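S.K.: The structure is given below, and queries will be raised subsequently.
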Amino acid sequence: MDLPNIENHLSVHNIQSITNWDEGWAWLAGGTWLFSELQPSLKVLVDMQPLGWSEIEVVPFSDSNSFKQVKTVLSIGATCPLSKLLQYSWPPEWRAVEGLKSAVSALSASMKVINMATVGGNICLALSVGTFAPLMVALDATYEIWNLKGETRRVAAKEFQVGYRQTILQPQEVLRRVLIPVENLKWQVNYQRIGIAASDPALAIVVSACNPDNLQLRCAIAASVTAPILLDLHDDRQIQNFAFLQEVNFIDDAKASAIYRREVTQVLIKRSLKQLKI
Ligand SMILES: Cc1cc2nc3c(=O)[nH]c(=O)nc-3n(C[C@H](O)[C@H](O)[C@H](O)COP(=O)(O)OP(=O)(O)OC[C@H]3O[C@@H](n4cnc5c(N)ncnc54)[C@H](O)[C@@H]3O)c2cc1C
Numbered sequence: 001m002d003l004p005n006i007e008n009h010l011s012v013h014n015i016q017s018i019t020n021w022d023e024g025w026a027w028l029a030g031g032t033w034l035f036s037e038l039q040p041s042l043k044v045l046v047d048m049q050p051l052g053w054s055e056i057e058v059v060p061f062s063d064s065n066s067f068k069q070v071k072t073v074l075s076i077g078a079t080c081p082l083s084k085l086l087q088y089s090w091p092p093e094w095r096a097v098e099g100l101k102s103a104v105s106a107l108s109a110s111m112k113v114i115n116m117a118t119v120g121g122n123i124c125l126a127l128s129v130g131t132f133a134p135l136m137v138a139l140d141a142t143y144e145i146w147n148l149k150g151e152t153r154r155v156a157a158k159e160f161q162v163g164y165r166q167t168i169l170q171p172q173e174v175l176r177r178v179l180i181p182v183e184n185l186k187w188q189v190n191y192q193r194i195g196i197a198a199s200d201p202a203l204a205i206v207v208s209a210c211n212p213d214n215l216q217l218r219c220a221i222a223a224s225v226t227a228p229i230l231l232d233l234h235d236d237r238q239i240q241n242f243a244f245l246q247e248v249n250f251i252d253d254a255k256a257s258a259i260y261r262r263e264v265t266q267v268l269i270k271r272s273l274k275q276l277k278i
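In UniProt numbering, the protein residues as written are 1 to 278.
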């Protein structure tokens with residue numbers, strides 16, 4: 001779609017070269033959402049492709065905030081197109097990669113969209129139906145955020161999205177990359193999604209992950225709630241009676257009631273845990 005109010009399209013190779021960021025400026029990643037509807041509040045698009053942030057690499061990582069030990073992480077650059085996740089030659093022992101592939105197919109988008117849409121765009125758009133956020137929450141990923149002064153901060157994936165189209169990103173900040181501990185990529189992951197029709201946005205998404213070494217479980221829910229929620233499944237009784245879902249604030253709209261969304265979320269959690277054979 002044409003965006004008639006856009007006055008300028010900037011290509012930058014280094015974000016620190018941007019000195020005059022102002023209201024009405026936005027990062028342009030794959031553009032699959034930005035060009036899908038009118039953007040009356042925008043006037044400048046800053047194209048991220050020339051930044052060259054589409055890497056997939058394994059790097060050492062130390063969380064300087066908590067002085068934790070250096071660990072090895074998979075780094076996925078924010079501008080990595082979704083199609084690259086499908087084509088990449090992943091180590092076979094990284095069972096959680098199935099989750100990345102499921103997050104791509106859960107978009108129910110054509111190859112044309114999947115070739116353009118980026119991991120960072122999906123996470124930063126922060127729709128309730130975002131398909132990557134619940135996976136990153138379940139895998140205990142960390143997001144690296146940069147600002148235009150060259151400062152970096154890191155935040156746990158579960159803290160990033162705070163509501164529908166709301167994140168903790170400040171003006172002038174950008175998601176640089178997603179970091180997933182390599183150990184967590186060995187976890188077994190199951191991704192469940194339900195919608196009214198297969199091509200409709202999801203009504204509920206559930207992503208469960210299980211560490212095979214200690215059978216520790218993590219389960220994130222999304223789409224039925226405004227932002228992904230990591231559930232506490234430490235107690236067996238919790239898993240049996242699902243009482244914790246009573247405290248969750250489910251979306252209630254014309255597509256489905258909160259009660260319906262709670263019920264289908266529960267069904268997906270059961271299905272997902274069964275697939276993990278817990
Ligand atoms: C057929 C179809 C189905 C879709 N289904 C879904 C779906 O099920 N779930 C869903 O969530 N989306 C869906 N989308 C919307 C969208 O295409 C995807 O979310 C896509 O992943 C967005 O990525 P993008 O790179 O194209 O983002 P863009 O359109 O370029 O940007 C999206 C937003 O994120 C901001 N942004 C992008 N990258 C960064 C960054 N690194 N740092 C800070 N801000 C950034 C942009 O400024 C913009 O506000 C669908 C789109 C289509 C066409």
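Built from N, CA and C at the ideal position, the CB exists for glycine as well.
Note that the structure is a prediction, hence the values are computed from the model and not measured.
Can you tell me whether DSSP reads V264 as helix, strand or coil?
M.R.: Three-state DSSP puts V264 in a helix.
S.K.: Do L245 and R262 have their C-beta atoms within less than 8 Å of each other?
M.R.: Closer than 8 Å, so yes.
S.K.: For T203, collect the residues of the same chain with a Cβ closer than 8 Å to its Cβ; drop the 5 residues on either side in sequence, then sort them by chain order.
M.R.: Residue identity check: residue 203 is Leu in the sequence provided, not Thr. Same-chain partners within the cutoff: I194, G195, I196, A223, S224, K255, A256, Y260, R261 and V264.
S.K.: Nearest to E98 by alpha carbon, out of Q87, V189, M111 and T142?
M.R.: Minimum Cα distance to E98 is reached at V189.
S.K.: Check whether chain C comes within 8 Å of L175, counting only Cβ atoms and requiring the distance to be less than that.
M.R.: Absent from the structure is chain C; it holds one protein chain and no more.
S.K.: Count Cβ pairs between the stretch 78-86 and the stretch 101-108 that sit closer than 8 Å; are there 3 or more?
M.R.: They touch, by the three-pair rule.
S.K.: Taking just the CA atoms, how far does F132 sit from A117?
M.R.: Cα to Cα, A117 sits roughly 12 Å from F132.
S.K.: CB P81 to CB V129, shorter than 8 Å?
M.R.: No. Outside cutoff.
S.K.: On the DSSP letters alone, give me the boundaries of the alpha helix (DSSP H) that G121 sits inside.
M.R.: V119 to L125 is the extent of the alpha helix (DSSP H) around G121.
S.K.: For R153, count neighbouring C-beta atoms within 10 Å of its own C-beta (all shown protein chains included) and say buried if the count is 16 or more, exposed if not.
M.R.: R153 is exposed by the Cβ-count criterion.
S.K.: When every heavy atom of ligand 1 is checked, does at least one fall within less than 7 Å of the C-beta of C210?
M.R.: No.
S.K.: Going by Cα to Cα distance, which pick from V44, S75, E37 and S36 is closest to S54?
M.R.: Comparing Cα-Cα distances from S54 to each of V44, S75, E37 and S36, the minimum goes to S75.
S.K.: Report the start-end ranges of each alpha helix (DSSP H) in the stretch 89-170 that is 4 residues or longer and not cut off at the edges.
M.R.: The qualifying runs are 97-105, 111-116, 119-125, 133-138 and 157-160.
S.K.: Per DSSP, E244 is paired with what?
M.R.: Sequence check: residue 244 is Phe here, not Glu. Partner(s): none; F244 has no beta bridge.
S.K.: Am I right that V119 and V178 are in contact with their C-beta atoms under 8 Å? What's the rounded C-beta distance?
M.R.: Contact holds; Cβ gap of about 6 Å.
S.K.: F242 to I269, Cα distance in whole Å?
M.R.: Distance between the alpha carbons of F242 and I269: 9 Å.
S.K.: Within the present structure, is the beta-carbon of W94 separated from the nearest heavy atom of ligand 1 by less than 7 Å?
M.R.: The answer is no for W94.
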